Amino acid sequence: MKSFLICLLSLCTATSAYARDFYVRNFAIDIERYRYFIELNDQNSQIKVKALVKLRSVQSVNVIELDLGGVDQSGKGMLVSAVSLLDQKLSHQQTGDKLKIQLPSASTVNDALELAIEYEGEPRSGLHISKNKFGERVFFADNWPDQGRQWLVSVDHPSDKAAVEFIITAPEHYAVVANGLKIEESSLAGGRKLTHWREDVALPVKVMVIGVARFAVQESAKLNDVSITSWVFPQNRSEGFHDYRVAIKALDFFQKNIGPYPYKKLANVQSKTRFGGLENANTIFYFENSVTGKGEQEALIAHEIAHQWFGNSATENDWHHVWLSEGFATYFTNLYLEHTYGRERFVKHQLANRDKVIRYHQKVVRPIVDVTIEDPKNVLSPNTYEQAGWVLHMLRQELGDEIFWQGIRHYYAKFAGKNAMSADFQASMEQVSGKDLSKFFQQWLYQAGYPKLGVEWRFDSVKKELHLKIEQLQSQAQFDFPLEFATQSDDAQFQLHTVRIQNKLSEFKFPMQSLPKSISLDPMVKLLFEAKIERK
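Numbering (the working numbering), first residue to last: 959 to 1494.
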């Protein structure tokens, strides 16, 4: 990013912190609630939908533009048959993935409108109709990042959050799970069943979801009035109920350390998601082979539960700032493991994450907040997961545990149910700590890379001094950071030292009575870096 590298430090940070992604926003409207009446069948992959979209006019507007994937050359996609407002038919136009609706007259500011939109077709993506590993037909949504539009008419961007209801009509042998609480389940004529789920907390479309399959269902626990349930394929009943029970521990940890859980239920669902796990709001989907009966996916389950606070409730306002979701879930998984199993497990995961970042940067060197990315499918990488998690870890070292946790709770309380950018998180941490963190966030979020160090040391036996020379070798800009190193003497005693690295080349001298037996860098695992160390 040449423009980034040559801009002034403060200007660059502010620009990147608030830069928007390439989705064209419609600031004239605000979606308040979606109600989706969806008909599913066993004869084909066609779905029939009536959507009631309740919105408020923020500005006067003549045309409402929504996202909906139209029919492509393969014949897949959604075809709109009717749009109405208060039973008045409206003219509409579908072009690509956009639906434009002409209002009968210009809206006025703060007008409340409810559009009725009828459409049908075979989803290109978003809702996947397939067979599970037991050969049974299943329907699972997979909206992330912007595939909700392929079956749900919506504003398909995390900046516009809304309440949602799913009223699903399907063959009666299916169970249906979706966001929120179940309002109704009723048998209909012709072997059909209606299931109604409602979530009144505003969600981004990326985590709105339905799952339709044969399920075995168990309520594992109730924790602070939150119902924790497991939904697994009947053939995996005992193994699935066992494996997903770990959600109780993870939910308890996050509630106690971050803040109240934002929803009224937590459903853990065996599914056909394309991902290892998908953090759908209060209805998490896990890959179908996550169930083994051996409890092998505890870290994955903790990761997706952490998203309920970070990503689902406090949501990035822009795809370039997705680290506020993925980096947080990555690091808070490790914090959960540290709390549950001790520091050794935590360090193991931090080191593994550091190694993953180093391997990734051998091929790609980009900042965590990369405003050059145009397609949200490309925002996920070790930058936004592991490296962003390391930024939180280094921030914890900078502030100390007590202030770090206070800052996290302050940030979440302020942005729960809302949208945030990186600058908002920085402001929260600065407010709580009383520190100016602009340099910290600038170099670790908006500057590409991390410190790559060449370290040379020698011992002066005459002056009884340890001489240390540290050079930053990365081709990107220099970093400013504290570096700890430990020396071991002949009697196996360790001494911890800290130096401040600010320049490309730094040299230090330390009084020392004898030649160190060894020198180790970052023994307490506090820094994202790589280094080569040698004795001269």
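Virtual Cβ for every residue (Gly too), placed ideally from N, Cα, C. Only a predicted model underlies this, so the values are computations on that prediction, with no experimental measurement involved.
- Of all alpha-carbon atoms in 1054, 1378, 996, the one lying nearest the alpha-carbon of residue 1117 is that of 1378.
- Below 8 Å, too few C-beta pairs join the stretch 1082-1097 and the stretch 1048-1058 to call them touching: fewer than three.
- Counting along the chain, residue 1086 sits inside the beta strand (DSSP E) bounded by residues 1085-1089.
- If you look at residue 1292, you'll find it in the alpha helix (DSSP H) that goes 1281-1299.
- The three-state reading of DSSP puts residue 1155 in strand, counting E and B together.
- In its chain, beyond the 5 residues on either side, 1261, 1264, 1265, 1268, 1269 have a beta carbon closer than 7 Å to the beta carbon of residue 1287.
- Within the stretch 1188-1212, complete alpha helix (DSSP H) segments of at least 4 residues are found at 1195-1202, given in chain order.
- By the C-beta criterion, the stretch 1171-1181 is judged to be in contact with the stretch 1206-1224, since at least 3 inter-stretch pairs fall below 8 Å.
- In this structure, residue 1406 lies away from residue 1280, with their beta-carbon atoms at least 7 Å apart.
- When the alpha-carbon of residue 1450 is set against those of 1119, 1186, 1472, 1327, the nearest one is in 1472.
- Closest in alpha carbon position to residue 987, among 1370, 1354, 1042, 1112, is 1112.
- Positions of the alpha helix (DSSP H) runs, each at least 4 residues long and wholly inside the stretch 1009-1071, cannot be given because no such run exists.
- Remark: C-beta atoms of residue 1137 and residue 1241 approach each other more closely than 7 Å.
- The stretch 1062-1073 and the stretch 1027-1045 touch, with three or more beta-carbon pairs separated by less than 8 Å.
- Under DSSP, residue 1177 shares a beta bridge with 1187.
- With respect to the 7 Å criterion, residue 1427 and residue 1414 are classified as neighbours on the basis of their beta carbons.
- In this model, residue 1220 and residue 1271 are separated by some 7 Å (Cα to Cα).
- In the three-state reduction of the DSSP assignment, residue 1331 falls in the coil class, being assigned neither a helical nor a strand state.
- DSSP, read as helix, strand or coil, puts residue 981 in coil.
- Look at residue 991 here: in three-state DSSP terms it is strand.
- Listed as beta-bridge partners of residue 1236 by DSSP are 1243.
- For residue 1262, the enclosing alpha helix (DSSP H) stretches over residues 1256-1264.
- For the pair residue 1226 and residue 1164, the CB atoms are not nearer than the 7 Å cut-off.
- Following the DSSP letters along the chain, one finds residue 1473 in no alpha helix (DSSP H), marked with neither H nor E.
- One Cα belongs to residue 1149, the other to residue 1172, and the distance between them is close to 15 Å.
- In this structure, DSSP gives residue 1466 an extended state, which the three-state scheme calls strand.
- DSSP places residue 1342 in the helix class (H, G or I) of the three-state scheme.
- In the same chain as residue 1283, and ignoring 5 residues on each side of it, the C-beta atoms closer than 7 Å to its own belong to 1265, 1268, 1269, 1274, in chain order.
- With at least 16 other beta carbons inside 10 angstroms of its own, residue 996 counts as buried.
- Going by C-alpha positions, residue 1133 is about 35 Å away from residue 981.
- Residue 1076 and residue 1038 have their alpha carbons spaced roughly 6 Å apart.
- Check the Cα spacing between residue 1331 and each of 1277, 1493, 1032, 1002: the tightest is with 1277.
- Nearest Cα to residue 1036 within the set 1430, 1297, 979, 1106: 1106.
- Assignment of residue 1348 by DSSP, reduced to helix, strand and coil, places it in the helix class.
- Between the stretch 1437-1448 and the stretch 1476-1485, the count of Cβ pairs shorter than 8 Å is three or higher; the stretches touch.
- Distance from residue 1487 to residue 1408 at the Cβ level is roughly 6 Å; contact confirmed, criterion being Cβ atoms closer than 8 Å.
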